[in-house]
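Data first, discussion second: the structure below is written as structure tokens.
In the working numbering, the protein residues as written are 1 to 163.
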């Protein structure tokens with residue numbers, strides 16, 4: 001046997017002894033346990049990550065729904081405010097029109113009353129003037145007693161025609 005084959009033989013024997021000792025103290029089992037533990041840890045971390053992702057998706061969905069509800073509520077509030085403002089404007093317009101109508105009717109009544117009073121005053125003045133003129137004319141033409149009778153008759157005639 002030469003030196004290289006002897007070295008190869010001893011290397012092989014040392015390898016077999018090493019592998020035997022490794023199997024005897026259960027090194028492959030320890031390595032398998034360590035790898036299994038690491039695989040379990042990674043699996044648990046992946047499961048936690050998946051669960052957190054699902055929770056985040058649910059929260060995102062809830063917040064999106066809440067945002068849409070808030071936007072809809074804001075739109076409803078704006079629409080209600082606009083309707084109320086329109087209604088108040090229409091009511092104010094209606095009240096203004098009613099006020100103007102009432103004031104116009106009142107003014108027309110006052111104008112009509114003033115016209116009737118003016119016509120009455122003009123008639124009364126005309127009667128007084130006519131009576132005075134008739135008295136003056138008749139006084140010069142008729143004696144006192146006949147003039148008084150004529151005056152009374154004319155006065156009654158004018159009063160009956162005016163009323």
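Don't be surprised by glycine CBs; every beta carbon is placed ideally from N, CA and C.
This structure is a prediction, so every number in the text was calculated from the model and none was measured.
State the Cα-Cα distance for the pair residue 130 and residue 92, rounded to the nearest angstrom. 56 Å
Residue 132 versus residue 117 - alpha carbon distance: 22 Å
From residue 43 to residue 33, what does the alpha carbon distance come to, in whole angstroms? 15 Å
Would you kindly check if the distance between the Cβ of residue 154 and the Cβ of residue 124 is under 9 Å? no
Proximity of residue 159 and residue 127 at Cβ, strictly below 9 Å: yes
For residue 21, the first and last residue of its enclosing alpha helix (DSSP H): 3–24 is the span of the alpha helix (DSSP H), which, as asked, contains residue 21.
Roughly how many whole angstroms lie between the Cα atoms of residue 15 and residue 7? 12 Å
Do residue 37 and residue 28 come within 9 Å of each other at the CB atom, strictly closer than that value? no
Whole alpha helix (DSSP H) elements within the segment 80–132, 4-residue minimum: none
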